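Everything below concerns the one structure shown next.
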Amino acid sequence: MSGDAGLRALAAAARQAAEGLEVTVRDRSGGGLPASEVLEAFGQALALLERLEDPDRARAEREALENLAAQAAQLLEALALAARAAGRGGDAAVLETLQVPLALWVATRGGRLRELAPAVNGCARLANGLREPDALGELADTMERIAAAVDPTVRGAPDAAQPGHPWRTLLVNRAIVATRSHDPGRMERAFAGLAAALPEAAPGFFAEGMREMDRLGYPPHVREVMERWHARHAGTGLH
Numbered sequence: 104m105s106g107d108a109g110l111r112a113l114a115a116a117a118r119q120a121a122e123g124l125e126v127t128v129r130d131r132s133g134g135g136l137p138a139s140e141v142l143e144a145f146g147q148a149l150a151l152l153e154r155l156e157d158p159d160r161a162r163a164e165r166e167a168l169e170n171l172a173a174q175a176a177q178l179l180e181a182l183a184l185a186a187r188a189a190g191r192g193g194d195a196a197v198l199e200t201l202q203v204p205l206a207l208w209v210a211t212r213g214g215r216l217r218e219l220a221p222a223v224n225g226c227a228r229l230a231n232g233l234r235e236p237d238a239l240g241e242l243a244d245t246m247e248r249i250a251a252a253v254d255p256t257v258r259g260a261p262d263a264a265q266p267g268h269p270w271r272t273l274l275v276n277r278a279i280v281a282t283r284s285h286d287p288g289r290m291e292r293a294f295a296g297l298a299a300a301l302p303e304a305a306p307g308f309f310a311e312g313m314r315e316m317d318r319l320g321y322p323p324h325v326r327e328v329m330e331r332w333h334a335r336h337a338g339t340g341l342h
């Protein structure tokens, strides 16, 4: 469920994955609630979001949409962590990937994403399970739309360029997924986005990309794009 899934379908998938989860779910403040109550709160958040389904209303009430979306992402993240702690890795993975259609739903309706890390982790989990270039290309497109919707306070954070920050991780992973799609157009857009937003990260990324071209034997048309971007950024890193 990586596309712009309906909120009811998203809620149903979360209920199925969290069914029978009888643990205390810890929130970021250290408090805890039964998993059933967290799942109910998640469903309520989605029901409120559903009232903003119409794009015109979503734009008019963008702050409400963004607040509800951030709350829903936090609740879904807490459920995934609880499922993993309970030894239900498969269900945890499903809950993690549901962050992607949630983020895409918000982006499609003009909202800004304040809770980026859960969506970035969900994209990474999806990417790790994909092999076909066409499917990877679709995921690269989804990541492009998510990146465009990231709140300026997230992308402009003082540590946004540091390894491990979700903004940097999203841009780097999008470039990797675009490369794996073997689509030069997607590669060009992803590479341009990375170089513009994180110029200090670009030389290292393209140097590593060239090593991957050799190690994995990418097709010539993919290698040509990587070579061009590598040549453009060689020697421009920080010393």
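Mind the numbering: the sequence shown is residues 104 to 342 in my numbering, read in order. The beta-carbon is built from N, C-alpha and C at its ideal position, and this holds for glycine as well. Since the structure is predicted, the reported quantities are computational estimates derived from the model, not experimental observations.
In the DSSP assignment, Leu136 falls within the beta strand (DSSP E) that extends over Gly135 to Pro137. C-alpha of Gly190 to C-alpha of Val141: approximately 18 Å in a straight line. According to the DSSP secondary-structure assignment, Leu216 is paired through a beta bridge with Val253. Around the CB of Asp244, 16 or more other CB atoms lie within 10 Å, so the residue is classed as buried. Within the DSSP secondary-structure output, Thr127 pairs in a beta bridge with Pro137.
Going by C-alpha positions, Glu164 is about 8 Å away from Leu155.
Spatial neighbours of Leu151 in its own chain (CB-CB distance under 6 Å, excluding positions within 5 residues in sequence) are listed in chain order as Leu171. Segment contact: the segment 257-267 against the segment 231-249, fewer than three CB-CB distances shorter than 8 Å; contact not assigned. Membership of Glu199 in the alpha helix (DSSP H) is indicated by the continuous run Gly192 to Thr200. Considering only Met290, Arg335, Asp194 and Leu184, the residue with the shortest C-alpha distance to Glu241 is Met290.
About 13 Å separates the beta carbon of Val275 from that of Leu219, a gap too long to meet the 8 Å contact definition.
In this structure, the straight-line span from the alpha carbon of Cys226 to that of Met246 is close to 7 Å. About 7 Å separates the beta carbon of His336 from that of Ala298, a gap short enough to meet the 8 Å contact definition. In its chain, beyond the 5 residues on either side, Pro269, Thr272 and Leu273 have a beta carbon closer than 6 Å to the beta carbon of Val223.
In the DSSP assignment, Leu273 falls within the alpha helix (DSSP H) that extends over Pro269 to Arg283.
Under the three-state reduction of DSSP output, Arg234 falls in the coil class, being neither helix nor strand. Within the same chain, Cβ atoms closer than 7 Å to the Cβ of Ala310 are found at His333, the five residues on either side in sequence being excluded. The C-alpha of Pro204 is placed about 22 Å away from the C-alpha of Ser139.
Annotation for Gly320: no alpha helix (DSSP H) segment contains it, and DSSP assigns it neither H nor E. The continuous stretches of alpha helix (DSSP H) do not include Pro302, and DSSP gives it neither H nor E. Distance between Ala148 and Gln174, taken at the CA atoms: about 7 Å. When the beta-carbon positions are compared, Pro158 and Gly109 stay at least 9 Å from each other. Between the alpha carbons of Ala116 and Glu330 lies a distance of about 42 Å.
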